[in-house]
Every structure is written in structure tokens, then in C-alpha cells.
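Residue numbers (full-length UniProt numbering): 1 to 446.
Note that beta-carbon positions come from the ideal geometry of N, C-alpha and C, so glycine has one too.
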């Protein structure tokens with residue numbers, strides 16, 4: 001592998017460029033006209049404009065991306081996260097064009113990336129489940145029958161979904177019909193797939209996910225868990241590793257579930273198996289993401305393993321450079337997503353950054369793509385940077401994050417830094433008693 005085209009933008013594109021440099025591999029950035037001054041376009045060895053600002057005409061435009069790869073001579077494509085990262089059709093086109101897709105095979109993506117199909121695989125692998133439909137809900141009558149059997153509250157989810165979109169919580173029978181059709185419409189619009197399924201809704205769960213890495217030689221390793229329970233409308237806001245509730249035995253048990261799921265399809269590449277956990281530490285399979293995650297840095301910080309570099313090495317056919325016994329959890333890491341948005345209403349806030357200074361010091365990491373004078377455009381996700389801190393204990397990590405946030409300067413636009421500071425000092429978060437409904441119950445979200 002000599003040259004990798006990065007089919008993405010923003011901080012993840014910058015992250016991949018850095019991994020390529022360490023491996024001595026040339027990088028090719030693609031960018032939309034709106035992103036001409038983005039950092040990823042400046043840092044890559046080559047940069048190619050592939051279309052206008054609109055995502056479907058640029059970062060989601062497969063013919064333009066493949067053409068850029070062929071023109072630049074790239075022999076591999078890294079999709080990052082979001083956009084085409086879990087698009088099996090895109091992975092298949094890459095294969096037909098003799099371009100290595102840095103990720104699982106199209107077949108593996110279809111088996112695990114679509115939620116209904118993934119649940120079938122997970123059942124075969126022996127993973128635990130919440131009560132729910134075993135297949136897509138084809139009609140409102142079937143939805144009503146399933147909900148009655150499961151018992152309210154229930155949650156409708158898009159089969160091809162992710163990122164909190166295409167989800168509806170229903171507490172009573174009379175609200176089910178509207179939620180069902182709305183969920184299907186949202187799913188079709190967001191993912192091009194209107195299939196939805198239904199399962200029992202846990203009122204106050206923890207969201208715990210396991211990072212796995214697998215090579216093409218049958219080696220599959222889990223790298224511990226992340227707690228992603230601080231969420232706003234099913235969107236992760238703050239992530240940490242490890243989960244403060246789990247001990248080593250419990251971690252190994254949940255990790256074994258994730259490895260079993262991956263083994264069921266002969267998976268290779270990076271992946272994340274997501275679970276809901278109740279008050280008794282029972283876990284229930286939710287979904288699998290067949291890509292690198294936004295929150296992967298917290299796992300890197302507590303294991304010392306470079307996940308993006310390993311992704312690339314695995315795609316080149318190399319064996320994993322570590323075994324399960326080599327994975328050691330050390331310290332505690334927390335990540336805050338710094339977004340260009342109003343800290344109260346969460347409305348996006350594009351504009352020119354008139355002053356920018358990121359925090360530093362021991363145990364402080366900033367993964368971003370903006371700089372002094374950069375203009376935040378309104379066409380994409382509002383995340384600017386990820387601020388990650390690492391310390392010996394969770395208590396010290398919280399304090400370090402507070403200090404780093406106060407040191408962060410982003411002028412000219414509004415960011416959610418004040419929001420993060422408020423969350424960090426809330427007693428429930430400080431004591432590790434938060435759930436996925438924490439922000440709602442604490443009054444941060446209306």
C-alpha cells in the first residue's frame with residue numbers, strides 16, 4: 001500500500017493523514033468547494049476537489065471519489081466515519097476497481113451494518129438481547145402486535161441507522177402509529193432504507209461499547225469498553241474509558257460477546273459492538289458499527305494502541321501486532337466533543353474563528369481541523385475538535401478536563417465548551433451515576 005485516499009473530511013481526515021505519515025504512506029485528501037481551506041486539504045500530500053458543498057455532490061458522490069483515487073494513483077481508500085464508511089455498495093465498488101477498502105468486506109458490512117441482519121448474527125453468536133422483533137416490522141398491525149407482546153415502553157429503530165437518527169420511543173399504544181410511520185420516513189430519508197424494528201426500551205441504561213480489532217488471519221482482540229452514556233437525543237456528547245462500573249471479570253465477559261459476534265462472520269478491521277447495560281450490569285446487544293468511531297481516542301489513550309494505524313496495517317494483510325494478553329488498561333480517559341453550536345439551544349453556529357488556542361500539557365490531546373482565521377461552514381456536522389484527557393483515575397481525569405476546557409479559546413463563534421463545564425461539575429456525573437437520560441433528567445436538554 002503506497003497511497004491512501006481519504007474519503008472524508010475534518011478531524012478524522014487529519015487523524016488518518018497523520019497515521020499515513022507514520023507508516024510512510026502517501027495521502028490524498030478529497031475536499032468540497034466549501035472545504036478548500038480545511039486543514040485536511042492542506043496537510044495531505046495531494047488534495048483533489050471533488051464537487052460543491054452539498055455532501056451528496058461531494059463526500060457522498062461515489063463516482064467522483066473513485067475518479068479521484070484513479071487519477072491520483074491511490075491503491076486504497078480509508079472512509080473514516082460517517083459518509084460512506086458503512087456503505088457496502090461503496091466497498092464493493094472499491095473492490096471491483098482493485099482499490100483496497102480499509103475496513104471489512106461488503107458482505108461483512110451487510111451482515112453487521114444493517115441492524116436487523118446484525119441481530120440475526122448476534123443471536124447465532126449467543127449474545128444477550130432485550131425483548132424485541134426478530135425481523136423488520138412490515139406494517140403498523142405487526143408493530144402493534146409486537147409492542148403488546150413486549151410491553152411498553154418500546155423503541156422503534158431504523159435497520160440501516162446510526163448516530164441517533166431514525167429512533168422513536170413510544171410509551172403507550174395510541175402513540176405507536178404516528179411514531180412508526182415517522183420513523184420509517186426518517187429512516188428512508190437518512191439511510192435510503194425504510195426498514196425499522198422494535199425492542200423493549202430501557203428507561204435508565206448505561207451505553208457501553210466494546211472496541212474490537214481483527215486481522216485477515218483469524219485473530220480478533222477486544223480493547224476494553226467505552227462508556228458513552230452522556231447523550232443528547234441519542235447523540236454521544238462525552239465519552240470515557242473504561243466504564244467506572246465494570247471490573248476486569250465483567251469487562252472480559254462483555255468483551256467475549258463482542259469477539260464472538262465478529263468471529264461469526266470472520267470479521268476483519270476495526271469495529272465497535274454496542275450494548276445497553278441495566279442497573280444489575282446485565283448487558284443487551286444493541287448494534288455493531290463496522291468502522292472507526294468518533295470516540296476511538298479514549299481507547300487509544302488507555303491501551304497505548306494506535307487504532308487507525310492498526311486499521312491500515314490489517315488492511316495491508318498484516319497480522320495484529322498484539323494479542324488479547326497484551327492489551328492492558330491503564331488510567332482513565334475522557335473525550336469532549338467541541339462543537340460549533342450555542343451551548344444552551346445547541347443550534348449550529350457557523351462563522352469565522354477570530355482567535356484560536358488549544359490547551360496542552362501532560363495527558364491532554366486535541367484532535368481537530370480548525371485554526372485561527374478558519375471559517376466554519378454550515379454544510380456539515382458541527383464538531384470542530386475532540387478534546388481528550390488522560391489521568392490515573394476518573395476523578396483526576398475530570399479535573400484535568402475542566403482545566404483544559406477553561407484553557408481552550410475559540411472566539412468569533414459560539415461553542416459548547418460552557419455546556420461541557422456544567423456537565424463535568426454535576427454531582428451525578430462526578431459520582432459516575434449517570435445514564436443515557438442524564439442530560440434530560442438533569443435539565444440540560446428540554
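- Cα atoms of residue 308 and residue 145: separation of roughly 44 Å, rounded to the nearest angstrom.
- Comparing alpha-carbon positions, the option among 356, 323, 364, 16 lying closest to residue 392 turns out to be 364.
- Contact between the stretch 276-287 and the stretch 118-128 is present, with at least three C-beta pairs closer than 8 Å.
- Shown here for residue 133: same chain residues with a beta carbon closer than 6 Å to its own, the five before and five after excluded, namely 146, 197, 198 in chain order.
- If one requires a minimum length of 4 residues, the alpha helix (DSSP H) runs lying completely within the stretch 115-195 are 115-124, 140-150, 176-191, in chain order.
- Under DSSP, residue 241 forms a beta bridge with 333.
- If only uninterrupted alpha helix (DSSP H) runs of at least 4 residues are considered, those enclosed by the stretch 9-84 are 10-23, 39-43, 62-72.
- In this structure, 118 is the residue among 76, 289, 118 with its C-alpha nearest to the C-alpha of residue 264.
- Residue 397 and residue 232 have their C-alpha atoms some 22 Å from each other.
- Excluding its 5 nearest sequence neighbours in each direction, residue 108 has C-beta neighbours in its own chain below 6 Å: 265, 267, listed in chain order.
- For residue 207, the enclosing beta strand (DSSP E) has its first and last residue at 206-214.
- Residue pairing for residue 389: DSSP places it in a beta bridge opposite 334, 364.
- Beta-bridge annotation (DSSP): residue 357 is paired with 409.
- Sequence-distant partners of residue 411 (beyond 5 residues in either direction) whose C-beta falls short of 6 Å from its own C-beta, in its chain, are 354, 355.
- Segment contact: the stretch 93-100 against the stretch 9-27, fewer than three CB-CB distances shorter than 8 Å; contact not assigned.
- Taking 8 Å as the cut-off, the beta carbon of residue 55 is found no closer than this to the beta carbon of residue 5.
- Distances from the CA of residue 395 to each of 332, 345, 169 were compared; the closest alpha carbon is that of 332.
- The shortest CA-to-CA distance from residue 90 to any of 112, 66, 74 is the one to 66.
- Residue pairing by DSSP places residue 289 opposite 272 in a beta bridge.
- Proximity to residue 357 across 349, 294, 350, 366 peaks at 366, based on C-alpha coordinates.
- For residue 2, same chain residues with a beta-carbon under 7 Å away, outside a window of 5 residues either side, are 25, 26, 75 in chain order.
- Pairing residue 377 with residue 359 gives a Cβ-Cβ distance that is not under 8 Å.
- Residue 277 and residue 254 have their C-alpha atoms roughly 10 Å apart.
- A direct Cα-Cα distance of roughly 9 Å separates residue 329 from residue 248.
- Assignment of residue 348 by DSSP, reduced to helix, strand and coil, places it in the strand class.
- The stretch 8-20 makes contact with the stretch 302-316; the number of CB pairs closer than 8 Å reaches 3 or more.
- The beta-carbon distance between residue 214 and residue 262, rounded to whole angstroms, is 5 Å. This is short enough to meet the 8 Å contact definition.
- Taken atom to atom, the span from the alpha-carbon of residue 373 to that of residue 37 is near 10 Å.
- Under the DSSP assignment, residue 229 falls in the beta strand (DSSP E) whose first and last residues are 220-232.
- For a cut-off of 8 Å, the C-beta gap from residue 207 to residue 183 is around 20 Å, too long to register as a contact.
- Here residue 12 has 80, 81 as same chain residues with Cβ atoms under 7 Å from its own Cβ, once five neighbours each way along the sequence are excluded.
- For residue 252, the closest of 271, 381, 324, 174 by C-alpha to C-alpha distance is 324.
- The three-state secondary structure of residue 308, taken from DSSP, is helix.
- Under the DSSP assignment, residue 6 falls in the beta strand (DSSP E) whose first and last residues are 3-6.
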